[in-house]
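Read left to right, the sequence shown gives residues 26 to 226 (my numbering). Even glycine gets a Cβ: it sits at the ideal position worked out from N, Cα and C. Keep in mind the model is a prediction, meaning the values are calculated, not measured. Report on the following structure.
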Amino acid sequence: MPDLKPITVWSLGGSPNPWKAIIVLEELSLPYEVKQVGMAEVKQEPYISLNPNGRVPTIEDPNTGITFRVLSSNLHLGKQGTEYLVGDKCTYADLMFVPYARSLAVIIAPEIDTKVHKRYTEWLKRLYARPAVKKALKQWDDAIALTREEAAHQASSSVAISSELFALRTIKYIPSRIPPSILSCLKSALNFVGLHYSYVK
């Protein structure tokens, strides 16, 4: 196989969809690089030239000149009694669930009874034990930490904005306008920088 140039995966902090692509690239041992785009930048030039939808991931393959703008997967549960969703080997369908399982763990972990959902729990353990998944999740953790550091820096440099003003002008819109996975990251960032938030129903 000729030397391949690294595939570029554009990501946004802890957003789960780019990590699907990264896990697959790791599984296939393909070279890649992750480029982070900020939340404000994702809907502006130059990013929207790559992806007019203003979403992540965007995947650029310099080897083919193809830019992938949308990655989606629908899980097919496959046969019961197998170790993975589709038979007895790990497939794309299994790997694509990892980012969502991780987001769910943050949002509803206390409600998941691992004794009742043994097959689900064992399946996730098998997935999380895979070296490619471990490596991709480590990068994801690093991206989340960087996002938190940036939020802390912005909060500390905005001396004129009090936490009360921030809560009144921004946070009251959270329940109706921010997806749960983003809300979870935002709440963590707010707690990290010491800002208070409240829900307005």
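Query raised in the report: DSSP beta-bridge partners for Lys60?
Result: Trp35
Query raised in the report: Any idea what DSSP makes of Glu85, helix, strand or coil?
Result: strand
**Report entry** 7 Å CB neighbourhood of Ala165 in its chain, flanking five on each side removed
**Finding:** Correcting the residue identity first, residue 165 is Trp in this sequence and not Ala. Gly39, Trp44, listed in sequence order.
Query - Lys30 versus Asp86 - alpha carbon distance - result: 8 Å
Query raised in the report: Grouping DSSP H, G and I as helix and E and B as strand, with all else coil, what is His101?
Result: Note that His101 has pLDDT 33, beneath the 50 cutoff, so the model's placement of it is unreliable and no number is given.
Requested in this report: Quick one: using the 10 Å Cβ neighbour count with 16 as the cut-off for buried, is Asn99 buried or exposed?
Outcome: With a pLDDT of only 29 at Asn99, under 50, the local geometry of the prediction cannot be trusted, and no value is derived from it.
Report task. Can you have a look at Tyr72 and say buried or exposed, based on whether 16 or more other CB atoms are within 10 angstroms of its CB? Result -> buried
Report task. Would you please state the rounded distance, in angstroms, between the beta carbons of Ile48 and Val158? I believe it to be under 8 Å. Result -> 6 Å
Query raised in the report: Span of the alpha helix (DSSP H) holding Thr116?
Result: Boundaries for Thr116: no alpha helix (DSSP H) harbours it, and the DSSP string shows neither H nor E there.
Query raised in the report: Just how far apart, CA to CA, sit Val111 and Val123?
Result: 15 Å
Query - For Thr172, the three-state DSSP class (helix, strand or coil) - result: helix
Requested in this report: Give the DSSP-derived three-state secondary structure of Thr92 in the structure shown.
Outcome: strand
**Report entry** Selected residue, minimal CA-CA separation from Glu51, among Gln61, Ile32, Ser36, Met64
**Finding:** Ile32
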